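Counting from 1, position 58 in the sequence shown corresponds to residue 66 in this note's numbering; the numbering is continuous, with no gaps.
Beta carbons: idealized from backbone N, C-alpha and C, even for Gly.
Just so you know, these numbers come straight off a predicted model, no measurement behind them.
Here the structure comes first, spelled out in structure tokens, and everything after it is commentary.
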Amino acid sequence: RPEFARGILGLLGGTEINSSTLTEWLPAWENFFNIASEASRVDIRIHNARQAYYKSAIVEMLEGETPLNALYPLLLTWTLSAQSLPENQIIAWESACQLLKIGGEHFESRLKGLDHYLDTIEEMLEKMVISQGFEMAEIV
Numbered sequence: 009r010p011e012f013a014r015g016i017l018g019l020l021g022g023t024e025i026n027s028s029t030l031t032e033w034l035p036a037w038e039n040f041f042n043i044a045s046e047a048s049r050v051d052i053r054i055h056n057a058r059q060a061y062y063k064s065a066i067v068e069m070l071e072g073e074t075p076l077n078a079l080y081p082l083l084l085t086w087t088l089s090a091q092s093l094p095e096n097q098i099i100a101w102e103s104a105c106q107l108l109k110i111g112g113e114h115f116e117s118r119l120k121g122l123d124h125y126l127d128t129i130e131e132m133l134e135k136m137v138i139s140q141g142f143e144m145a146e147i148v
């Protein structure tokens, strides 16, 4: 459902940026990925063999009809990369998170937004179940 896609995009801070911002972040993302893929303790999803795959997908999304859809894979892999780097080397990632207004002072409002988002999905699923002739007690 489009409204759910917009909702998750908003929770990630997609309302704070545009596609050119994501394009500007790509070199920093790539640098983080390169360094992190050589680290001894890095998430399995951050491996130099996967970088071209991720970059290709992100670039395709940026060039598509809904370029902000690239935010999730870019932010996820950038965050996973940042986790394996020393604190003094993650300034670009921290700046991106500040611009997106995630974490820090915005954490509580994002958490409330996530709670509301999940409640909305739950309500929609309950309506779908009932519209198909089931009782919620049968499902739960």
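Supposed close pair residue i, residue j - CB separation, criterion 8 Å
{"i": "R49", "j": "T85", "result": "Rounded, the Cβ-Cβ distance is 16 Å, inconsistent with contact."}
{"i": "P75", "j": "A65", "result": "That belief does not hold up - the Cβ atoms of P75 and A65 are roughly 12 Å apart, past 8 Å."}
{"i": "L70", "j": "T31", "result": "6 Å"}
{"i": "E38", "j": "K63", "result": "7 Å"}
CA nearest to the CA of residue i, picked from the options
{"i": "S27", "options": "A78, G111 and A44", "result": "A78"}
{"i": "E134", "options": "Y125, I147, L17 and L122", "result": "I147"}
{"i": "I43", "options": "E68, R14, Y61 and Q97", "result": "Q97"}
Cutoff 7 Å; reference residue i; Cβ partners in own chain excluding five residues on either side
{"i": "F41", "result": "I54, Q59, T85 and S89"}
{"i": "T47", "result": "The sequence as given places Ala at residue 47; Thr does not occur at that position. Here the set comprises S92."}
{"i": "R118", "result": "L19 and I110"}
Near the ligand HEM: residue i beta-carbon under 7 Å from a heavy atom
{"i": "K120", "result": "This structure does not include the ligand HEM; it has no bound ligands of any sort."}
Beta-carbon proximity list for residue i, same chain, < 8 Å, skipping 5 on both sides
{"i": "R9", "result": "M132"}
{"i": "I129", "result": "F12"}
{"i": "I25", "result": "L76, L79, L107 and L108"}
{"i": "I138", "result": "M144"}
Chain-order list of residues whose beta-carbon lies under 6 Å from that of residue i (same chain, five-residue window excluded)
{"i": "A36", "result": "A100"}
>> Tell me whether the region 92 to 111 and the region 19 to 34 touch, counting them as touching only if at least three CB pairs, one residue from each stretch, are closer than 8 Å.
In response: yes
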